[in-house]
Amino acid sequence: MEDGQKKDVAAFGKPRIVKVDLYEEPHEATGEGFCKSPRLSFVECSCPDASVLVRQKKGGEAAGIDKCWWVVALAFLMTTMESATSRCSGFLYVGIIEQMRVDRGLASWPVNLVTSVNDFGGLVSGPLSEHFSTVPVMAAGSVLASAGVIASAFAPDIRWISVTLGIVHGFGVGVVATMLQVIISMYFKRYRGTAHGIMFAGSTAGAFFYPQLLLFLRNTYGFRGSLLIFGAILLHMFALSLALREPSWVSTERLEKRRPTVASLPTFPTTELQARRPSKLRRASCPVVAMESRRSIEASPSAFPAREVEVQRGAEVPRPSLLAAHLERDITAVPVSTSQAVLQSVREVFRCTMFYALIVTWLVLSYNVDIFFSTIVDLALDKGVSMRDAVALIPYYSITDLVGRVFLPLLADRKYVRRTNLIVINYLLLGATVVSLPFTNSYGALVAASLCIAMFMGCGMTMHSVLMADYLGLKRLAVGYSVMGAICGPLLMGKPPVVGFFRDSLGSYDAMFWLLGSLCILIALLWMMVSWFERKKVRNWELDIARNMPCTFHM
């Protein structure tokens with residue numbers, strides 16, 4: 001052992017209690033012993049490469065947060081493809097009836113399964129992303145989505161196409177959609193709403209392109225041939241997903257989370273640090289390996305650099321005179337497994353009160369979106385509108401849907417209105433327009449109501465992803481989508497029976513839209529309470545959105 005590696009200490013009582021001179025001039029920051037600092041410093045146990053990871057995280061986040069718009073462009077392109085099936089559901093529905101020669105009830109199963117199984121895609125994507133990271137899981141989902149459509153071209157009957165198109169393809173696009181929302185939330189903080197809006201605008205853009213493309217392919221190559229080429233087009237999602245990567249600061253957090261933890265260390269007493277100026281605490285290793293006498297110890301080179309922590313006056317810090325008290329020699333490294341990390345994240349998600357508000361909001365929004373887009377044409381026909389004019393509603397409300405997805409969230413990103421207040425206003429107006437839908441007696445009034453509904457629904461879709469990232473935090477976001485998919489997936493299977501009950505049993509859609517609009521107004525009242533609590537900063541329920549932390553009010 002070199003002489004330069006020995007530190008003189010004064011022992012008190014037991015030979016394992018040592019005192020370190022706080023004002024001793026440290027060595028250079030070469031990874032051995034102490035790190036150089038002109039300020040107050042002391043040593044305590046830490047983990048490998050702590051300072052390096054922290055510096056990488058801070059530097060990368062400052063350089064890339066809210067700036068990587070190329071990621072949004074790639075997500076936009078992928079969204080146009082992953083949502084193409086839902087936007088072309090009418091084409092697929094008619095094609096299945098003609099090709100498989102089945103009735104409308106059976107033909108609706110593959111199309112309905114795509115949207116229902118979509119939520120189950122997030123069920124496994126969250127835990128898988130904890131182990132493999134986001135991009136590999138997204139790439140695997142892209143392959144599944146493409147393979148499901150390609151296999152549908154060879155499906156012999158309605159059962160097989162329900163499996164390939166409804167389950168395999170629906171599961172794949174669910175994984176892709178979930179991972180895209182997660183990775184956009186990683187790259188953006190202030191402009192998170194705008195970034196999500198541009199990404200979701202890909203779904204609207206696909207509505208203008210893919211239906212005409214599939215119609216051309218069917219007329220040229222037949223229905224099965226169109227599915228085969230369509231599946232090949234969707235395979236481009238795999239190439240685009242490989243161009244994405246997690247930001248460096250998120251990768252650093254993932255490495256820190258997976259570092260082994262050290263057991264068998266006692267809890268040191270604390271004392272108040274009286275400093276006349278802000279001080280820096282240095283976290284380094286405890287390189288004690290042998291005790292030669294009561295006056296000195298031998299120290300081995302530190303295996304990792306120190307980490308600096310800013311401490312203000314009056315802060316609680318470990319007492320330096322008892323820093324190495326009762327340090328046990330047999331220290332075991334306890335590895336943190338992926339399953340343990342996932343279970344811990346699941347527990348934290350369930351303990352966050354705001355997660356339940358997000359679940360209820362998503363259920364109401366999903367029922368409104370799916371039922372409105374699937375019944376608006378039939379509703380127009382019931383009101384005496386011609387088929388041509390009824391179908392023309394689709395491109396009309398696609399434009400306002402784009403406005404709601406991109407430009408309304410920008411109001412919150414530019415700080416003109418708080419995000420929770422925007423949710424309150426959006427759902428109040430959405431509920432009012434949905435309730436008024438049965439009272440539209442002219443085509444112009446029906447168009448105006450449809451345009452407003454599509455705009456407010458588009459804003460709700462974007463803002464829900466933003467609020468998920470705000471309240472759950474990036475570390476629990478993927479797992480949060482998994483838990484939400486597990487809960488909402490079965491509940492969303494009730495959409496077809498709801499529509500059938502009101503239209504077939506009651507003979508009209510009026511009561512259904514009144515119910516859906518009333519639920520939207522209740523959601524607005526719920527978020528009004530949340531906004532009130534945030535303004536008042538109720539004790540134990542202060543939502544630290546600015547620092548991207550989960551809510552601190554727990555059940």
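For the sequence shown, position 168 matches number 168 in full-length UniProt numbering, and the numbering has no gaps at all. The beta-carbon is built from N, C-alpha and C at its ideal position, and this holds for glycine as well.
Measuring C-alpha to C-alpha distances from Val483 to each of Arg418, Lys536, Arg347 and Val377 identifies Arg347 as the nearest. Sequence-distant partners of Phe513 (beyond 5 residues in either direction) whose C-beta falls short of 6 Å from its own C-beta, in its chain, are Val434, Leu437 and Pro438.
Excluding five sequence positions before and after Leu365, the CB atoms of its chain that fall closer than 6 Å to its own CB belong to Gly460, given in chain order. In the DSSP assignment, Val168 falls outside any alpha helix (DSSP H), carrying neither H nor E. For Cys352, the secondary structure class from DSSP, reduced to helix, strand or coil, is strand.
Rounded to the nearest whole angstrom, the CA to CA distance from Ser142 to Val117 is 15 Å.
Here the C-alpha atom of Ser450 lies approximately 23 Å from the C-alpha atom of Tyr93.
Listed in chain order, the alpha helix (DSSP H) elements of length 4 or more contained wholly in the stretch 185-237 are 192-234.
Under the three-state reduction of DSSP, Ser129 is assigned to helix. Judged by DSSP in its simplified three-state form, Ile453 adopts helix.
With contacts defined as CB atoms closer than 9 Å, Val135 and Val173 fail to qualify as a contacting pair. Judged by DSSP secondary structure, Met138 falls within the alpha helix (DSSP H) whose first and last residues are Thr134 to Ser152. The straight-line gap separating the alpha-carbon atoms of Trp70 and Met186 is approximately 14 Å.
A distance of 9 Å or more separates the beta carbons of Leu234 and Val360. Beta-carbon to beta-carbon, Leu430 and Leu422 are separated by about 12 Å, too far to satisfy the 8 Å threshold. Distance from the Cα of Glu82 is smallest, within the candidate group Gly494, Thr204, Ile97 and Ile65, for Thr204. Sorting Phe501, Asp510, Gly193 and Gly121 by C-alpha distance to the C-alpha of Gly166 places Gly121 at the top. Using a Cβ distance threshold of 9 Å, His196 and Gln181 count as a contacting pair. For Phe533, the enclosing alpha helix (DSSP H) begins and ends at Asp510 to Lys536.
Below 8 Å, enough C-beta pairs join the stretch 349-360 and the stretch 461-473 to call them touching: three or more.
In the three-state DSSP reduction, Asn441 falls in the coil class, being neither helix nor strand. For Ala139, the closest alpha carbon among the candidates Pro156, Val111 and Met179 is that of Met179. Inclusion of Asp401 and Arg190 in the CB contact set at 9 Å is not warranted, their separation being larger than that value. Between Phe216 and Ser146, the C-beta gap is not smaller than 9 Å, which leaves the two residues out of contact. Note that the stretch 383-392 does not touch the stretch 505-521; fewer than 3 beta-carbon pairs, one per stretch, sit closer than 8 Å. Out of Asn112, Leu74 and Thr79, the CA that lies nearest to the CA of Gly494 is found in Asn112.
In its chain, beyond the 5 residues on either side, Ser203, Gly206, Ala207, Tyr210 and Pro211 have a beta carbon closer than 8 Å to the beta carbon of Arg87.
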